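Numbering (my numbering), first residue to last: 74 to 319.
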């Protein structure tokens, strides 16, 4: 029963269609508090769509997603859900007319109506954590891709989410910038943040994830510990994918 209490997101028989195209098929997944789940698989397998369904950026076609036991499809407003289930996108989506600090402070002040002074102190602490406190007054156009993505992570953290969804956070970056973003994510995992990460970085999945989910053609083909997936899989599709990635 204790394990059930720790389940923060529960996906039951989820399906997602675009017209006649079935993108997600009978997806079942449980996410426990404090868990880091890496979602891997070929492009077009439904990984990002599943993530977007979890904070209602996509409507679902069938099944249900429960957040803390409550079906998200019954919610009248999704603002509260997205406060608690934050998302970091592949392309940073920063406000170009705002400084780094203003980007991080914007949602807590405007959406949550929190005290500006308190949010400022928290934002500076978060920028310290992601290694960008000295860039607080800089505009996004002056930042590298890796720095922009770290600001995007800081912005998501400023909402004090229960869960963070990462949609291929390093795939738009030059190779030398990938490490600085993964380092921030690794440190975040150590703090006990619940994280779901769609990634092509197999080293990260192997080292940081508690569980690895392999998706292909809209299905979850296999899930297990990193050791189960990377060293002991018996699934030919998983083997073929990993042989190209490792």
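Here a beta-carbon is modelled for each residue, glycine too, at the ideal position from N, C-alpha and C. As the structure is a computational prediction, the values presented were derived from the model and not from experiment.
Item, Value
"Bridge-paired residues (DSSP) for residue 114", "None; residue 114 has no bridge partner."
"Rounded straight-line distance, which links the Cα of residue 125 to that of residue 97", "12 Å"
"Inter-residue Cα distance where the pair is residue 141 and residue 256", "29 Å"
"Start-to-end residues for the alpha helix (DSSP H) that takes in residue 228", "218-230"
"Counted within 10 angstroms of its Cβ, other Cβ atoms place residue 240 as buried (16 or more) or exposed", "buried"
"Counted within 10 angstroms of its Cβ, other Cβ atoms place residue 128 as buried (16 or more) or exposed", "buried"
"Given 8 Å, three or more beta-carbon pairs between the region 259-266 and the region 204-212", "no"
"Pairwise C-alpha distance: residue 195 and residue 156", "16 Å"
"Test item: CB-CB of residue 289 and residue 136 under 8 Å", "no"
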